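Inspection log for the structure reproduced underneath, given as structure tokens.
2 protein chains.
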Amino acid sequence: MPPDPFFAGPGLDRADHLRANPAAISALAAHAEARALAWDNGAPALDPDGRLAWQAIEGEPELFLGLDRDAPRFSALPDGAVPIDARAHFTLLTMLRTDEAPTFAAALSLANWHRRHGFCSVCGTGTAPNRGGWSRACPSCGAEHYPRADPVVIMLAEHDGRLLLGRQPHYPPGRYSALAGFVEPGETIEAAVARELFEEAGIEVRDTRYIASQPWPFPSSLMIGTHATAIGDSLTIDHNELDDARWFTRDEVLSALAGESAAPFQAPPHSAIARTLLEHWVDGLK
Amino acid sequence: MPPDPFFAGPGLDRADHLRANPAAISALAAHAEARALAWDNGAPALDPDGRLAWQAIEGEPELFLGLDRDAPRFSALPDGAVPIDARAHFTLLTMLRTDEAPTFAAALSLANWHRRHGFCSVCGTGTAPNRGGWSRACPSCGAEHYPRADPVVIMLAEHDGRLLLGRQPHYPPGRYSALAGFVEPGETIEAAVARELFEEAGIEVRDTRYIASQPWPFPSSLMIGTHATAIGDSLTIDHNELDDARWFTRDEVLSALAGESAAPFQAPPHSAIARTLLEHWVDGLK
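Now the structure itself:
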């Protein structure tokens with residue numbers, strides 16, 4: 012079984028079949044138990060105990076998030092004028108409860124998409140939310156646009172018992188993590204893994220295996236976690252992409268995961284699938 | 012190792028690092044061995060032997076597809092006014108050579124994206140190809156837009172040795188195939204598999220496993236092929252999505268894959284990852 016990254020899980024019942032039925036959605040918005048997600052600084056607001064904050068509904072919010080048992084859950088589109096402070100959002104993740112994370116991911120990812128898709132890419136006309144906020148429709152050319160989830164491969168490359176991890180320039184000091192990159196049109200998951208590892212670190216790989224996936228709402232990605240076997244360990248680092256990349260032993264990874272002060276690097280946070288991949292890797296070597 | 016679906020494979024060397032260097036791309040376009048892809052009726056043109064048709068370069072084409080060893084490969088954006096005849100494109104796939112398929116997928120997927128993304132989704136202004144055609148830039152708000160690969164889950168659900176396959180309304184007579192659906196923002200691959208199977212067929216699943224992936228350029232998807240174990244076999248079919256769904260035994264699947272006249276259904280074509288998944292399944296049961 013794949014391990015469960017943060018943000019993974021069932022979340023709300025999305026009740027997709029209701030989205031095409033505006034009358035049904037209006038009736039749900041008028042339901043006594045219907046609530047709307049509260050937003051703060053461009054992200055879902057949290058209670059002090061790390062739960063999503065919900066409030067009474069005014070009017071009919073643009074986004075129908077789904078059902079929490081029988082209780083309808085909605086959200087207004089957050090104020091697009093609020094600049095997104097990604098650093099503040101990452102701080103939120105240290106407080107967000109695991110069982111609330113899937114709904115947080117869905118709401119923020121959807122909101123992020125709406126923020127950048129107010130106009131029709133086919134003809135340039137302003138569009139409006141449709142299907143309970145799960146698409147936008149163009150009143151001019153009739154195109155319907157659906158929220159994207161951009162597939163990203165993220166991978167542990169292993170050679171002779173050691174893992175390749177890298178540092179992106181924006182990482183906190185000492186942090187190393189799994190290399191990653193967007194899947195391009197015309198690629199398989201395996202081809203994207205091979206291309207990214209060769210581009211960023213100059214290594215060739217075989218036997219790419221899928222481990223787990225994770226929705227990542229910054230802004231709206233699908234992280235596809237994999238493990239690949241490197242054919243050699245000689246690195247050619249693309250310094251436009253990475254500050255550094257190095258091979259780490261299992262003991263070094265264990266030390267980093269344990270947060271030891273003498274650890275050779277700082278492990279990624281619990282919200283990152285890279286950490287899940289590292290935990291899964293050391294676990295499999297027991 | 013995952014099996015290799017049609018369209019999978021390395022294709023051209025995408026030489027991504029050159030995309031940000033317009034001078035390098037111009038020099039490649041002027042190379043003696045540089046060629047541009049020929050298009051016909053909105054799709055890459057094929058020679059009689061199923062190879063992609065290339066022609067001499069006039070000017071500098073918008074799309075830099077990559078390198079075939081040292082030979083630069085480009086494409087002009089095909090005429091957006093040509094209506095896309097998907098049926099004709101599927102007929103092309105019966106002629107397209109397997110080793111040419113990855114480049115066909117990349118070029119058509121990229122062209123399909125440009126066709127529907129001439130305007131900035133953030134502000135509505137007309138955009139222009141950038142980075143050798145691997146993005147479009149907005150001259151007004153500065154947004155850069157990257158071609159999408161929409162993740163789609165496609166799955167074999169198994170119960171007691173039988174597989175669930177379904178018929179979409181547009182399928183040829185007798186065709187049954189794996190159920191499929193888009194991954195939504197906020198979902199893992201596994202959650203999308205569970206949601207789609209419950210929505211379309213009313214079944215619950217566990218133990219979803221990744222099998223293989225495939226780029227699918229109609230218009231621009233990443234097919235993520237999986238296998239899941241159904242908890243029960245009682246079906247509740249969503250007739251808005253499916254004409255029918257049924258359970259098939261291994262012998263029935265083998266008969267369909269062999270194209271026997273007495274087969275209980277017509278198997279998906281060799282270009283579809285659904286066929287790869289079926290072949291992988293019967294193979295694993297040997």
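Chains W and D are the protein sequences, given in the same order.
The first sequence runs 12 to 297 under the working numbering.
The second sequence runs 12 to 297 under the working numbering.
We put the CB at the ideal spot given by N, CA and C, even for glycine.
Just so you know, these numbers come straight off a predicted model, no measurement behind them.
If you draw a straight line from the alpha carbon of A215/D to that of L246/W, how long is it in whole angstroms?
Here the question's residue 215/D lines up with position 204 in the second sequence. Here the question's residue 246/W lines up with position 235 in the first sequence. Just to set this straight, residue 215/D is Glu in the shown sequence, not Ala. Whole-angstrom Cα-Cα distance: 45 angstroms.
Where do the ends of the alpha helix (DSSP H) carrying A11/D lie?
Missing from the structure shown is residue 11/D; chain D here goes from 12 to 297 and no further.
Less than 7 angstroms between C-beta atoms, sequence neighbours within five positions excluded: which residues of the same chain meet that for R62/W?
Locating residue 62/W in the first sequence gives position 51, counting from the first residue. Excluding positions up to five away in sequence, the list reads R108, E111.
Host beta strand (DSSP E) of I235/W (start-end)
Sequence index remark: in the first sequence, residue 235/W carries index 224 (1-based). Note, I235/W: beta strand (DSSP E), 232-241.
Which of the three DSSP states is assigned to T105/D in this structure?
Stepping through the second sequence from its first residue, residue 105/D is reached at position 94. T105/D falls in the coil class under three-state DSSP.
Provide the residue span of the alpha helix (DSSP H) that contains N123/D, from first to last.
Locating residue 123/D in the second sequence gives position 112, where the first residue counts as 1. Start and end: 112-126.
Coil, strand or helix - V133/W by DSSP:
Counting from one through the first sequence, the residue named residue 133/W turns up at place 122. Per DSSP, reduced to three states, the secondary structure at V133/W is coil, with no helix or strand assignment.
When you compare only the Cα positions, how much space is there between H156/D and E271/W?
For the purposes of this step, residue 156/D is taken as the residue at position 145 of the second sequence. For the purposes of this step, residue 271/W is taken as the residue at position 260 of the first sequence. Rounded to the nearest angstrom, the two C-alpha atoms are 41 angstroms apart.
Which residue from Q225/D, P279/D, Y182/D puts its Cα closest to that of L253/D?
Counting from one through the second sequence, the residue named residue 253/D turns up at place 242. Of the listed residues, the one whose Cα sits closest to L253/D is Y182/D.
Counting contacts by CB-CB distance shorter than 9 angstroms, is E215/W in contact with chain D?
For the purposes of this step, residue 215/W is taken as residue 204 along the first sequence, with counting starting at 1. It does not: the Cβ of E215/W has no partner Cβ on chain D nearer than 9 angstroms.
Taking three-plus beta-carbon pairs below 8 angstroms as touching, is the region 116-123 of chain W in contact with the region 122-130 of chain D?
no
For D24/W, I'd like the list of residues in its chain whose CB is within less than 6 angstroms of its CB, leaving aside the five on either flank, ordered along the chain.
Counted from its first residue, the first sequence places residue 24/W at position 13. Within the same chain, D24/W has close Cβ partners G77, L78.
Proximal chain D residues relative to C134/W, where beta-carbon distance stays under 7 angstroms
In the first sequence, residue 134/W corresponds to position 123, counting from 1. Correct list: F130.
Verify the CB distance criterion: does P150/W have a CB-CB separation below 9 angstroms to chain D?
Within the first sequence, the letter at position 139 stands for residue 150/W. Not closer than 9 angstroms to any Cβ of chain D, the Cβ of P150/W fails to qualify, so no.
Pop quiz: T136/W and P150/W are said to be a contact at Cβ under 8 angstroms. What is the actual Cβ separation, rounded to whole angstroms?
What you label residue 136/W is simply residue 125 of the first sequence in a count that begins at 1. What you label residue 150/W is simply residue 139 of the first sequence in a count that begins at 1. With a Cβ gap of about 6 angstroms, T136/W and P150/W count as contacting.
Under 7 angstroms Cβ-Cβ, which residues of chain D neighbour T199/W?
Residue numbering aside, residue 199/W sits at position 188 when the first sequence is read from its first letter. Near T199/W (Cβ distances below 7 angstroms), the residues of chain D are A19, S224, Q225, P226.
For T260/W and R173/W, which I take to be in contact (beta-carbon distance under 8 angstroms), what is that distance rounded to the nearest angstrom?
Sequence index remark: in the first sequence, residue 260/W carries index 249 (1-based). Sequence index remark: in the first sequence, residue 173/W carries index 162 (1-based). Contact flag correct, Cβ pair sits at about 5 angstroms.
On the DSSP letters alone, give me the boundaries of the alpha helix (DSSP H) that H291/D sits inside.
On the second sequence, position 280 is the one that residue 291/D refers to. 284-295 is the span of the alpha helix (DSSP H), which, as asked, contains H291/D.
For L48/W, the nearest candidate out of I68/W, H42/W, P59/W (CA to CA)
Mapped onto the first sequence, residue 48/W falls at position 37. Comparing Cα positions, the closest option is I68/W.
Three or more C-beta pairs under 8 angstroms: does that hold for the region 153-169 of chain D against the region 36-55 of chain D?
no
From which residue to which residue does the alpha helix (DSSP H) around E4/W run?
Here chain W covers residues 12 to 297 and nothing more, so residue 4/W does not appear.
I'd like to know if N141/W contacts chain D, where contact means its C-beta is closer than 9 angstroms to some C-beta of that chain.
As a working mapping, residue 141/W is identified with position 130 in the first sequence. Any Cβ of chain D closer than 9 angstroms to the Cβ of N141/W would place that residue at the interface, and such an atom is absent.
Quick one: grab the DSSP three-state call for V302/D.
As shown, chain D starts at 12 and ends at 297. That puts residue 302/D outside it, with no answer to give.
Near-chain W residues of the region 108-122 of chain D - C-beta to any C-beta below 9 angstroms:
P113, T114, F115, A116, A117, A118, L119, S120, L121
In this structure, does DSSP put S146/W in helix, strand or coil?
Start at 1 with the first residue of the first sequence, and residue 146/W comes out as number 135. Three-state DSSP puts S146/W in a strand.
Out of L88/D, W227/D, S132/D, A26/D, which has the shortest C-alpha to C-alpha gap to A19/D?
Here the question's residue 19/D lines up with position 8 in the second sequence. The option with the nearest alpha carbon to A19/D is W227/D.
Which bits of chain D does A160/W rub up against, with CB to CB less than 7 angstroms?
One-based indexing of the first sequence puts residue 160/W at position 149. Within chain D, the residues near A160/W are P162, V194, E195, P196.
Would you kindly check if the distance between the Cβ of D218/D and the Cβ of A9/D is under 9 angstroms?
Outside the modelled stretch of chain D, which goes from 12 to 297, sits residue 9/D, for which no answer is possible.
For L327/D, count neighbouring C-beta atoms within 10 Å of its own C-beta (all shown protein chains included) and say buried if the count is 16 or more, exposed if not.
For chain D, the structure presents residues 12 to 297; residue 327/D sits outside this window and is missing.
List the DSSP bridge partners of F85/W.
Stepping through the first sequence from its first residue, residue 85/W is reached at position 74. In DSSP, F85/W forms a bridge with A47/W, F75/W.
Against chain D, with Cβ distances strictly below 9 angstroms, would W145/W count as a contact?
Translated into the one-based positions of the first sequence, residue 145/W becomes position 134. At least one chain D Cβ lies under 9 angstroms of W145/W.
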